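What follows is a set of notes on a single structure, which appears directly below.
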Amino acid sequence: SRRAGGISLQVRDRGRGLPPEIPTRRDGVESLGVGLLGMRERVRQLGGEFRIGSSAKGTTIEADIGLTPEGR
160 SRRAGGISLQ VRDRGRGLPP EIPTRRDGVE SLGVGLLGMR ERVRQLGGEF RIGSSAKGTT
220 IEADIGLTPE GR
């Protein structure tokens with residue numbers, strides 16, 4: 160979705176969530192594989208925020224990226 164000053168992305172599933180036994184460091188992304196790590200790095204390169212939430216009811220990935228007046 161577009162919001163004033165940026166965009167927000169949310170991807171959600173209704174699966175089993177991430178296994179609780181996955182070892183975590185900092186925000187846990189490093190332990191989950193190259194795909195999520197790559198997404199996080201791309202969002203950070205654009206000055207945004209990247210979050211992952213998980214429970215037995217599913218997983219949610221969120222990204223918020225600000226937009227500059229130049230149309231970035």
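Take the sequence shown: its letter number 35 is residue 194 in the working numbering, and every next letter is one higher.
C-beta atoms are modelled at their ideal positions from N, C-alpha and C, and glycine is treated no differently.
As the structure is a computational prediction, the values presented were derived from the model and not from experiment.
If I measure Cβ to Cβ from I224 and keep anything under 6 Å in the same chain, skipping five residues before and after, which residues do I get? For the purposes of this step, residue 224 is taken as the residue at position 65 of the sequence shown. If we look at I224 and ignore the five residues flanking it on each side, its Cβ neighbours are G165, I166, L205, G207.
Output the distance between the C-alpha atoms of T218 and T227, rounded to the nearest integer angstrom. Residue 218 sits at position 59 when you count from the first residue of the sequence shown. Residue 227 sits at position 68 when you count from the first residue of the sequence shown. The straight-line gap from Cα to Cα measures roughly 30 Å.
Three-state secondary structure assigned by DSSP to G194: As a working mapping, residue 194 is identified with position 35 in the sequence shown. Helix.
Which class does R203 belong to by DSSP, given the choice of helix, strand or coil? Residue numbering aside, residue 203 sits at position 44 when the sequence shown is read from its first letter. Of the three classes helix, strand and coil, the one that applies to R203 here is helix, per DSSP.
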